[in-house]
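Here the structure is laid out as structure tokens; the discussion comes afterwards.
2 protein chains.
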Amino acid sequence: MSEVRPTRAEARLLQIERIKSTSRRLMAEKGAPGLSLREVAREMGVVSSALYRYFPTRDDLLTALIVDAYNDLGDFAERAASRVPRDDPRRQLQAAASAIRKWAKSNPHEYALLYGSPVPGYEAPLFTVEPAARVALVLSSIITEAWRHSNAEGRRDDIGETLRGVLVTRTLDGVMPGVPEPVRALSLMLWSQIFGCISFELFGHYKGTVRNANRFFAIVVDETANLVLPPDGGPTRGT
Amino acid sequence: MSEVRPTRAEARLLQIERIKSTSRRLMAEKGAPGLSLREVAREMGVVSSALYRYFPTRDDLLTALIVDAYNDLGDFAERAASRVPRDDPRRQLQAAASAIRKWAKSNPHEYALLYGSPVPGYEAPLFTVEPAARVALVLSSIITEAWRHSNAEGRRDDIGETLRGVLVTRTLDGVMPGVPEPVRALSLMLWSQIFGCISFELFGHYKGTVRNANRFFAIVVDETANLVLPPDGGPTRGT
DNA sequence: GAAATTAGAGAGCAGTGCTCTTGCAATTTC
DNA sequence: GAAATTGCAAGAGCACTGCTCTCTAATTTC
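Protein sequences, first through last, are from chains E and B. If you read the first sequence in the working numbering, its first letter stands for residue 830, the second for the next number, and so on. If you read the second sequence in the working numbering, its first letter stands for residue 830, the second for the next number, and so on.
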């Protein structure tokens, strides 16, 4: 009985889902800044003020979309990395990185929402931090795993001293246990390098210079991976 | 006579300048997406439709601001690099990079306009390409100069083969003569690395991980510089 | 079944980019 | 120097935006 017609709470969740998916569809066409509540409502055959029952403000809707996007991207990268044997961290990094890039290219507006200019006046709520960290965690856990199964010590000691104290160790201590502190800093560098390349490609800055973006990206990841992987952590660098 | 009161053409240029500076001021407060023609007009004590005599559309005003910002940033980085002795390309790179970062931090909204998410539906006109390239040119010319005054050959031959054909050589041939092709590709990597770091810092992605952003940035630049500078191109890496 | 809660409709407010017409002033033309 | 032309700002108006408020109808709670 209560199965045929959804209860009110169910209907509410369903409606929230419908609003988000309609927004995603519109955002894919016109981009996040151009996302209009009224258009979403119009598209759903509902009056605009009705949406405010579910999202008290436009920013709240955007926040929900951001959280979903972070999780989606995190899942996608994680799955890609998990399809590669654990004893080959270099290929794992490659897989994760190119998955991120692939996701970015198929969801450019959502990528821009996550990693482009922050909306001015919009302060990311605290609960967006965790899903955002998930994405970075995919990369850092590959590196951590590689160091865990390695006997290598103190490679790159030359920069060890200058790097000490650069990080907020409390945070990264728990996330990357067993990884030398300099390598943790270099992991942040890997992280920014990957997203920097993707952003530049997506935002059109490579136009006229990079011909084969796929290969360029693969090389960049491979080069940067040298900085963070243990000396004999896996098979020698390929291709 | 014609000196006391500006001629029509002069007045026009003056008004254009006033519109742009007012826009810059408002943009510094509320960011580029929130820049409103009506508010600019209000601020100038003029009716909004009057602005359309000078900029046919909001996008045209934004374009003008973008071009100015690219040039401003380019000048700033160039001057910083030129204050460092030419025989020390590593320090030149450091100077240019940290100038770019400094500019970004004092003009965050303009930086976001240049290197953040592109405004959807806004296609950058061709004449923005040249001022945009100027900024990258500051970095690439430091690298080029370093290779010109070096006898080093074929360092990093290991990635030479995979890198061949990745770039649009026609463009970079003229810009970086005498620089080995793989190094040209790595220069693009340096370029994205620098801007990737700045963007991440400015857009808040380092919150909770990087403690000393200044030192982190310096290290990143120094690390990446290793990839593009000739073996004995200058003094050994410092600090 | 009465009371309380909730969803949607509709009107309305202040803001936006942009267009068009109107009047006035400065410049060019003759 | 008078006349025609051009450039500028003003103001009204259109279609749009996010958001608030009130009202009605439906559902859930007790």
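Using N, Cα and C, we set each Cβ at its ideal position, and we do this for glycine too. Please read all numbers here as calculations on a predicted model, not as lab measurements.
Val964 of chain E - partner residues in DSSP beta bridges: Residue 964 of chain E sits at position 135 when you count from the first residue of the first sequence. Beta-bridge pairing links Val964 of chain E to no other residue.
Inter-stretch contact (C-beta, 8 Å, three-pair minimum) for the stretch 946-960 of chain E and the stretch 890-910 of chain E: Contact holds: three or more Cβ-Cβ distances are below 8 Å.
Val913 of chain B, DSSP secondary structure in three states: As a first step, residue 913 of chain B is located in the second sequence; it is residue number 84 there, counting from the start. Of the three classes helix, strand and coil, the one that applies to Val913 of chain B here is coil, per DSSP.
Same chain, Cβ closer than 7 Å to Leu1056 of chain E, five either side skipped, listed in chain order: As a working note, residue 1056 of chain E is residue 227 in the first sequence. Closer than 7 Å at Cβ, skipping near neighbours: Leu1015, Met1018, Leu1019.
Members of the stretch 1002-1026 of chain B near chain E, C-beta cut-off 7 Å: Of all residues in the stretch 1002-1026 of chain B, Ala1014, Leu1017, Met1018, Ser1021, Gln1022, Phe1024, Gly1025, Cys1026 have a Cβ within less than 7 Å of some Cβ in chain E.
Gly1063 of chain E to Phe1024 of chain B span [Cα, whole Å]: Along the first sequence, read from residue 1 onward, the residue named residue 1063 of chain E stands at position 234. Along the second sequence, read from residue 1 onward, the residue named residue 1024 of chain B stands at position 195. For Gly1063 of chain E, the predicted model reports a pLDDT of 48, less than 50, meaning its position is unreliable; a value from the coordinates is still stated below. Distance between the alpha carbons of Gly1063 of chain E and Phe1024 of chain B is about 31 Å.
4 or more residues per run - each alpha helix (DSSP H) lying fully within the stretch 1025-1051 of chain E: Within the stretch 1025-1051 of chain E, no complete alpha helix (DSSP H) run reaches 4 residues.
Close Cβ partners of Val876 of chain B (< 8 Å) along its chain, the five nearest in sequence each way excluded: Start at 1 with the first residue of the second sequence, and residue 876 of chain B comes out as number 47. Taken in chain order, the residues that qualify are Ala870.
Neighbour flag for Phe1032 of chain E against chain B, beta carbons, 8 Å: Reading the first sequence from its first residue, position 203 is the one you call residue 1032 of chain E. Judged by the 8 Å Cβ criterion, Phe1032 of chain E is in contact with chain B.
Cβ of Gly1069 of chain B within 8 Å of any chain E Cβ: The structure shown has nothing for residue 1069 of chain B, since chain B only spans 830 to 1068.
Status (buried if at least 16 other CB within 10 Å, exposed otherwise) for Leu843 of chain E: Along the first sequence, one-based indexing puts residue 843 of chain E at 14. The residue in question, Leu843 of chain E, is exposed, as its Cβ has fewer than 16 Cβ neighbours within 10 Å.
For Pro918 of chain B, the first and last residue of its enclosing alpha helix (DSSP H): On the second sequence, position 89 is the one that residue 918 of chain B refers to. For Pro918 of chain B, the enclosing alpha helix (DSSP H) has its first and last residue at 918-935.
Leu1058 of chain B and Ile972 of chain B closer than 8 Å at C-beta: For the purposes of this step, residue 1058 of chain B is taken as the residue at position 229 of the second sequence. For the purposes of this step, residue 972 of chain B is taken as the residue at position 143 of the second sequence. In contact: Leu1058 of chain B and Ile972 of chain B (Cβ atoms closer than 8 Å).
Segment contact, 8 Å Cβ cut-off, at least three pairs: the stretch 933-951 of chain B with the stretch 856-870 of chain B: As far as the Cβ criterion goes, the stretch 933-951 of chain B touches the stretch 856-870 of chain B, which means the pair count is three or higher.
Contact under 8 Å by Cβ, Gly1033 of chain B with Gly945 of chain E: Working through the second sequence from its first residue, we reach residue 1033 of chain B at position 204. Working through the first sequence from its first residue, we reach residue 945 of chain E at position 116. No, they are not a contact pair.
Collapsed DSSP secondary structure at Leu1058 of chain E in the structure displayed: The residue given as residue 1058 of chain E occupies position 229 in the first sequence. If DSSP states are grouped into helix, strand and coil, Leu1058 of chain E belongs with coil.
Interface positions of the stretch 944-960 of chain B facing chain E (Cβ-Cβ less than 8 Å), listed along the chain: If the cut-off is 8 Å between Cβ atoms, the stretch 944-960 of chain B has Tyr944, Gly945, Ser946, Pro947, Val948, Pro949, Gly950, Ala953, Val958 near chain E.
Residues near Leu902 of chain E in its chain [Cβ-Cβ closer than 6 Å; skip 5 each side]: In the first sequence, residue 902 of chain E corresponds to position 73, counting from 1. Counting only Cβ-Cβ distances below 6 Å, and skipping sequence neighbours, we find Trp932, Val964.
Start-to-end residues for the alpha helix (DSSP H) that takes in Thr829 of chain E: This structure gives no information on residue 829 of chain E, because the portion of chain E shown stretches from 830 to 1068.
Expected contact under 8 Å - CB spacing of Val997 of chain E and Gly1037 of chain B to nearest Å: Within the first sequence, the letter at position 168 stands for residue 997 of chain E. Within the second sequence, the letter at position 208 stands for residue 1037 of chain B. Right, their Cβ atoms sit about 6 Å apart.
Residue-chain proximity (Thr1065 of chain E, chain B), Cβ-Cβ < 8 Å: One-based indexing of the first sequence puts residue 1065 of chain E at position 236. Low per-residue confidence applies at Thr1065 of chain E: pLDDT is 49, beneath 50, and the placement is therefore not dependable enough to give any value.
Listed by chain order, chain E residues near Ala941 of chain B by CB distance under 9 Å: Working through the second sequence from its first residue, we reach residue 941 of chain B at position 112. Chain E residues near Ala941 of chain B: Gly945, Ser946, Pro947, Pro949.
Check whether Leu968 of chain E and Ala925 of chain E have beta carbons under 8 Å apart: For this step, residue 968 of chain E is matched to residue 139 along the first sequence. For this step, residue 925 of chain E is matched to residue 96 along the first sequence. In this structure, Leu968 of chain E places its C-beta atom within 8 Å of the C-beta atom of Ala925 of chain E.
Separation of Phe884 of chain E from Ile848 of chain E, as counted between CA atoms: Here residue 848 of chain E is taken as the residue at index 19 of the first sequence, counted from 1. Here residue 884 of chain E is taken as the residue at index 55 of the first sequence, counted from 1. Distance between the alpha carbons of Ile848 of chain E and Phe884 of chain E: 9 Å.
Check whether Gly994 of chain B and Asn936 of chain E have beta carbons under 8 Å apart: Here residue 994 of chain B refers to the residue found at position 165 when the second sequence is read from its first residue. Here residue 936 of chain E refers to the residue found at position 107 when the first sequence is read from its first residue. A distance of 8 Å or more separates the beta carbons of Gly994 of chain B and Asn936 of chain E.
Buried or exposed by the 16-neighbour rule on C-beta atoms within 10 Å, applied to Pro918 of chain B: Sequence index remark: in the second sequence, residue 918 of chain B carries index 89 (1-based). Classification for Pro918 of chain B: buried.
Burial state of Ser839 of chain E, where buried means 16 or more other Cβ atoms lie within 10 Å: Counting from one through the first sequence, the residue named residue 839 of chain E turns up at place 10. The question names Ser, yet the displayed sequence has Glu at residue 839 of chain E. With a threshold of 16 other beta carbon atoms within 10 Å, Glu839 of chain E falls short and is exposed.
Closest Cα partner of Thr886 of chain B within the set B:Gln921, B:Tyr951, B:Glu1030: Here residue 886 of chain B corresponds to residue number 57 of the second sequence, with the count starting at 1. Nearest C-alpha to Thr886 of chain B: B:Tyr951.
Run of the alpha helix (DSSP H) containing Ala870 of chain E, from where it starts to where it stops: In the first sequence, counting from the first residue as 1, residue 870 of chain E sits at position 41. From DSSP, the alpha helix (DSSP H) with Ala870 of chain E extends over 866-873.
Other residues of its chain near Ser911 of chain B: CB distance less than 7 Å, five sequence neighbours each side excluded: Here residue 911 of chain B refers to the residue found at position 82 of the second sequence. Counting only Cβ-Cβ distances below 7 Å, and skipping sequence neighbours, we find nothing.
Own chain, CB closer than 7 Å to Arg1066 of chain B, minus 5 neighbours either side, in chain order: As a position in the second sequence, residue 1066 of chain B is number 237, starting the count at 1. Confidence is the limiting factor: at Arg1066 of chain B the pLDDT is only 46, short of 50, which leaves the residue's position unreliable and the question unanswerable from this model.
Burial state of Leu1142 of chain B (16 or more Cβ within 10 Å): With chain B covering 830 to 1068 only, the question about residue 1142 of chain B has no answer from this structure.
6 Å CB neighbourhood of Val1049 of chain B in its chain, flanking five on each side removed: As a first step, residue 1049 of chain B must be located in the second sequence, where it is residue number 220. Short of 6 Å from the beta carbon of Val1049 of chain B, and not among the five residues preceding or following it, lie these beta carbons of its own chain, in chain order: Cys1026.
CB contact below 8 Å: Ile895 of chain B versus chain E: As a working note, residue 895 of chain B is residue 66 in the second sequence. It does not: the Cβ of Ile895 of chain B has no partner Cβ on chain E nearer than 8 Å.
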